[in-house]
Structures are given as C-alpha cells and as structure tokens.
Amino acid sequence: MKTNSPNFFPQLQNPNSSFNCRIRYLSPISAPPQIPLCVSSLTTTLKSTATSSTLQEICKGHVPEHILQRAGEIGFVEPTDVQKESLPFLFSGRDCILHAQTGSGKTLAYLLLIFSVISVQKSAVQALIVVPTRELGIQVTKVARMLAANPSGLESEGRKYTVMALLDGGMLKRHKSWLKAEPPTIIVATMGSLCLMLEKQVFSLEALRVLVVDEVDFMFNSSKQIHSVKKLLTLYSKFSSRQTVFASASIPQHNRFVSDCIQQKWTKRDVVHVHVNAVEPMPSCLHHRVVICSKNERLQVLLTLLRKDGPKCAIIFASEQSEKSKKAGNAPSTTSLVDFLIASYGNDGSEISLLEEDMNFNARAAALSELRQRGNCLLVATDIAARGVDLPETTHIYNFDLPGSAVDYLHRAGRAGRKPFSTERCTVTNIVVSVERFVLQRFENELKFQCEELSLSTT
1 MKTNSPNFFP QLQNPNSSFN CRIRYLSPIS APPQIPLCVS SLTTTLKSTA
51 TSSTLQEICK GHVPEHILQR AGEIGFVEPT DVQKESLPFL FSGRDCILHA
101 QTGSGKTLAY LLLIFSVISV QKSAVQALIV VPTRELGIQV TKVARMLAAN
151 PSGLESEGRK YTVMALLDGG MLKRHKSWLK AEPPTIIVAT MGSLCLMLEK
201 QVFSLEALRV LVVDEVDFMF NSSKQIHSVK KLLTLYSKFS SRQTVFASAS
251 IPQHNRFVSD CIQQKWTKRD VVHVHVNAVE PMPSCLHHRV VICSKNERLQ
301 VLLTLLRKDG PKCAIIFASE QSEKSKKAGN APSTTSLVDF LIASYGNDGS
351 EISLLEEDMN FNARAAALSE LRQRGNCLLV ATDIAARGVD LPETTHIYNF
401 DLPGSAVDYL HRAGRAGRKP FSTERCTVTN IVVSVERFVL QRFENELKFQ
451 CEELSLSTT
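The opening residue of the sequence shown carries number 1 in my numbering; numbering runs sequentially from there.
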C-alpha cells in the first residue's frame with residue numbers, strides 16, 4: 001500500500017559493499033551551505049579490534065554479571081560482527097543505527113544495552129522496544145525474558161527485571177492494570193497497543209532510558225504506522241537523558257535516513273551508523289531456484305515441487321488480497337492455496353496452516369504455536385511472516401507470488417537457514433510467469449544471487 005508520507009526507503013541500494021563494516025560518525029561541521037542540514041560524514045573501512053574478545057569481555061563493567069551469566073547459559077558466548085562494532089558505542093551512550101542482515105545479532109546488541117542502563121530498584125518503564133508485528137514482538141520478548149531470568153543455581157534476591165509484551169491482540173485491560181500497579185522495566189510493543197496506552201495516559205515516557213525501533217524500514221514504509229512512529233520519536237526527543245536505537249536488515253538510502261533522523265531530532269547529532277554488510281547479503285546456505293510457467297499451471301507446479309522436495313518445514317508466500325478483490329467478494333489467494341493444498345497434499349503427513357494480517361491475533365498465535373510443536377508443517381503466509389516469524393526448522397521457502405521489492409525478498413528468504421550451527425542447505429523457489437522473470441532478475445542483480453532455472457513436468 002502506498003503512502004503520501006515521506007518515504008526514506010524507495011529503492012534498495014546495492015548492498016554488496018567492498019568492505020565488511022562501515023561506521024559513520026556524524027557531526028554538524030563543514031557541510032556545503034546549500035545542504036539544509038549541516039552534517040559531514042567520515043566513512044572508514046574497519047577491521048574489528050575485538051576479534052579475540054568474548055561477549056562477556058566486551059560487556060564487562062556495563063552489563064550486570066548475572067545477565068552475562070544467563071547469556072552464556074543460553075549460548076551467547078562469541079560476539080557477532082554487529083555486536084563487536086556497536087556495543088562500545090551503545091555503552092558510551094551514543095544513539096545508533098544498527099544496519100545488518102537478518103540473524104546477525106542486532107536484537108541481543110540492543111537488549112544488552114538496555115540491561116546495562118535500567119535499574120530494578122526503579123519502579124518505572126525504563127526501556128521501550130517498538131516492533132512492527134505481533135510475531136516479532138513475541139520473539140523479542142522471549143529473548144528479553146530469557147536474559148532476565150535467574151542464572152542456574154542463583155536464588156532470586158528482591159525485585160527482578162520484568163518484561164511486558166504490549167502487542168496487538170493482547171489483553172489490554174490486564175496490561176493496563178499491570179502498568180498502573182507495578183510498571184514493568186521493559187515494554188515490547190506494537191504501535192497500535194502502545195498508542196492506546198499512551199493516549200489513556202496509563203504510563204509515562206519520562207523515566208525512559210532507551211527507545212528501540214526494530215525493523216525501522218518496515219515501520220516507515222507502513223501507512224498504518226508511520227505517523228504514530230514519527231509522533232513517538234518527536235515526543236521522546238524532548239527528554240535529555242534519552243538514547244535511541246534503530247535496527248533493520250535493510251536501510252536503503254541510509255545516508256538520507258541518517259540525515260533526516262538528525263534534522264527531525266529523532267536522534268542526537270552524533271548518531272553512529274553501524275553498517276555490517278556481509279560479503280553476500282544472502283545467507284550462504286540458501287540455494288535459489290525459479291520455475292517459469294503459465295498462470296494456470298502455478299498450483300500444479302507448486303504441488304509438483306512439494307512432492308519432489310518433500311520439505312519437513314516450509315513457508316509458502318502469497319500476496320495480500322487487494323482492496324478491489326476484497327470488495328468484489330473474492331476469496332484471498334492464501335485461502336485458495338490452503339484449500340488446494342489440503343485437498344491435494346494434505347494426505348502427505350504435513351500440517352497445513354495459514355498466517356495473514358487480517359487473521360484474528362489469537363488465531364495467528366495458535367497457528368504458530370501448533371507449527372512449532374509439530375515436525376512436518378507447511379505455512380501459507382503473506383509478508384507478515386517475513387518479519388519476526390522464527391521457525392528454525394524451516395528449510396524451504398516458496399514464493400507463489402513474488403514480493404514487491406528486493407527488501408521483501410531478502411526478508412522472505414531469511415526465514416530459512418535459521419537453525420543454529422546447522423550446515424543444511426536450504427532452498428528458495430520462485431514460481432513466476434514469463435513476464436515476471438525480469439522482476440526476479442532485478443532482485444538477483446540488487447541482492448547478488450543467482451537462480452537455477454528448473455524445468456518441471458506437472459503431468
């Protein structure tokens with residue numbers, strides 16, 4: 001859906017950089033007079049000096065010892081590139097833009113910052129993490145609560161860190177009572193639920209130490225969320241003790257975005273842009289394929305692929321239904337897909353589920369919960385599943401409909417190959433009609449990958 005709001009992310013820039021990490025320091029000096037915002041930037045190629053440091057060594061003296069102990073128990077021992085480069089700046093109080101691919105460790109980086117500045121002795125909301133979808137919010141909340149739990153063998157002493165998931169579809173009445181009685185230390189929120197609470201003045205932002213906007217490109221491209229996000233950032237900018245963090249795998253036109261952040265005072269003027277760019281933007285374990293067929297053959301092609309591949313866990317992406325189609329009373333393509341698969345593939349032992357934005361929130365949560373409990377699963381989904389849905393067993397992605405942009409392709413593909421320490425090869429398969437091939441070719445050029453063209457017999 002298009003929006004009349006200013007778009008910071010109209011087109012993905014070439015993500016294949018000649019260096020691995022870029023850090024941009026911005027200060028209001030020496031800019032040409034014709035530029036409205038006076039900033040100059042210094043871009044340098046960096047080799048991390050912390051290659052031999054463990055995560056505990058980087059965080060020592062900043063993050064409480066019991067949080068670091070929990071991180072080690074969970075398996076967070078060696079820092080990722082984005083953690084090595086960003087944590088020293090985050091711990092020094094600088095605003096940061098964390099720009100690194102899916103699965104690179106951005107979430108842990110900003111959570112460690114949060115635990116370094118909040119206090120269990122203070123009864124107030126001290127950290128707010130804004131996410132675009134309920135599903136991503138559930139994932140972030142889970143990690144935050146795991147870190148906040150007591151380490152093995154350590155008894156609880158006094159107050160503990162509390163993490164509230166203030167997400168669309170949740171029990172807002174219960175959350176309202178919780179916020180008034182004993183405010184949580186950390187809130188993970190979607191904009192809809194957050195705005196309701198702020199409008200009712202259920203809690204204040206005055207004690208907030210850290211504001212994180214995760215998947216910032218998605219938020220700024222969403223006509224439903226952009227105005228609320230900007231309003232929140234403007235409100236938060238009035239507090240002197242603030243620290244703001246933006247995170248995303250994809251920030252096209254990032255120079256312009258950084259400048260706008262400073263100009264609008266969403267960040268302080270010395271904001272640091274940490275850009276950790278993999279040599280290839282796609283995970284190396286992904287193999288990309290394309291099948292060209294007629295529109296009428298697409299369902300049969302999908303069925304043939306599923307039978308040949310035999311995936312244990314796969315996500316099939318389809319486009320969201322247009323407003324015109326809704327008004328005409330047509331069934332969504334996702335519903336038609338599910339009906340077809342149940343009739344044609346349901347006897348193969350796979351559980352077939354649906355996940356789309358228009359679904360009831362409880363139904364979405366139930367679908368994901370059931371998928372995680374079962375071994376064999378097929379999830380038919382719109383792009384809501386491309387951000388925040390973490391199914392580590394996923395080995396196959398099928399684009400029944402192509403995504404609208406290279407950024408969306410990157411996020412869809414990133415749902416596969418997420419199983420820790422696994423070397424298993426995963427596949428992303430695109431089912432396209434001949435006139436769509438050039439669109440996929442554009443994605444290949446921008447994201448630096450190549451598709452193997454398959455020839456299938458569907459008879």
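Idealized CB from N, CA, C, for every residue including glycine.
The structure displayed is predicted, hence computed values, not measured ones.
Rounded to whole angstroms, the separation of the alpha carbons of Thr335 and Lys173 is 32 angstroms.
In the DSSP assignment, Tyr161 falls outside any beta strand (DSSP E) and carries neither an H nor an E. The C-alpha of Gly103 is placed about 18 angstroms away from the C-alpha of Asp383.
About 7 angstroms separates the CB atoms of Leu305 and Tyr398; that is less than 8 angstroms, so the two are in contact.
Within its own chain, the residues whose Cβ lies closer than 7 angstroms to the Cβ of Asn362, once the five positions on either side in sequence are excluded, are Gly169, listed in chain order. Cβ contact annotation for Leu337 (same chain, cutoff 7 angstroms, sequence separation greater than five): Ile316, Ala318, Val380, Phe400, in chain order.
Bounds of the beta strand (DSSP E) holding Asn399 are 396-399. The criterion of a C-beta distance shorter than 7 angstroms is not satisfied by Leu196 and Leu128. Rounded to the nearest angstrom, the gap between the Cα atoms of Ser248 and Met282 is 15 angstroms.
Between the segment 233-252 and the segment 212-221, the count of C-beta pairs closer than 8 angstroms reaches three or more; the two stretches touch. Put simply, the backbone Cα of Leu302 is about 16 angstroms away from that of Ser434. Spatial neighbours of Leu233 in its own chain (CB-CB distance under 6 angstroms, excluding positions within 5 residues in sequence) are listed in chain order as Trp266. DSSP, reduced to helix, strand and coil, places Cys261 within a helical segment of the structure shown. Counting only unbroken stretches of 4 or more residues, the alpha helix (DSSP H) elements lying wholly within the segment 186-265 are 191-199, 216-221, 226-236, 254-263, in sequence order. Here Gly404 is exposed. Its C-beta has fewer than 16 other C-beta atoms within 10 Å. Exclusion of the five residues before and after Glu436 leaves Leu402 as the residues of its chain whose Cβ lies within less than 7 angstroms of its Cβ.
With contact defined as three or more Cβ pairs closer than 8 angstroms, the segment 56-64 and the segment 130-137 are not in contact. In this chain, Asn430 is not harboured by any alpha helix (DSSP H); it is covered by the beta strand (DSSP E) spanning 426-432. The Cβ-Cβ distance between Ala71 and Val82 does not fall below 7 angstroms.
Pairing Gln321 with Leu355, the inter-Cα distance amounts to about 13 angstroms. In this structure, Ser86 lies near Leu98, with their beta-carbon atoms less than 7 angstroms apart.
With a cut-off of 8 angstroms on Cβ pairs, the segment 114-128 is in contact with the segment 182-202, counting three or more such pairs. A check of alpha carbon separations from Glu206 across Ser241, Lys200, Lys230 identifies Ser241 as the nearest. With fewer than 16 other Cβ atoms from the protein chains shown falling within 10 Å of its own Cβ, Val77 counts as exposed. Per DSSP, Val338 is one residue of the alpha helix (DSSP H) stretching across 333-344. Of the residues Leu147, Ala367, Val188, the one whose Cα lies closest to the Cα of Leu166 is Val188. Restricting attention to Leu391, Ile74, Arg425, Arg442, the CA atom closest to the CA of Val407 is found in Arg442. Glu446 counts as buried, since no fewer than 16 other beta carbons sit within 10 angstroms of its beta carbon. For Phe91, the enclosing alpha helix (DSSP H) begins and ends at 81-91.
Nearest Cα to Val291 within the set Phe218, Ile431, Ser284: Ile431. Excluding its 5 nearest sequence neighbours in each direction, Ile342 has C-beta neighbours in its own chain below 7 angstroms: Ile352, listed in chain order. Rounded to the nearest whole angstrom, the CA to CA distance from Arg418 to Leu55 is 21 angstroms. Cβ-Cβ separation between Thr244 and Asp95: approximately 5 angstroms, consistent with a contact (criterion under 8 angstroms). Each of His273, Arg412, Arg289, Ser344 was checked against the Cα of Gln300, and the nearest Cα belongs to Ser344.
Sorting Pro151, Leu410, Lys142 by C-alpha distance to the C-alpha of Met164 places Lys142 at the top. Burial is judged here by how many other beta carbons sit within 10 angstroms of a residue's own beta carbon; Met171 has fewer than 16 and is exposed.
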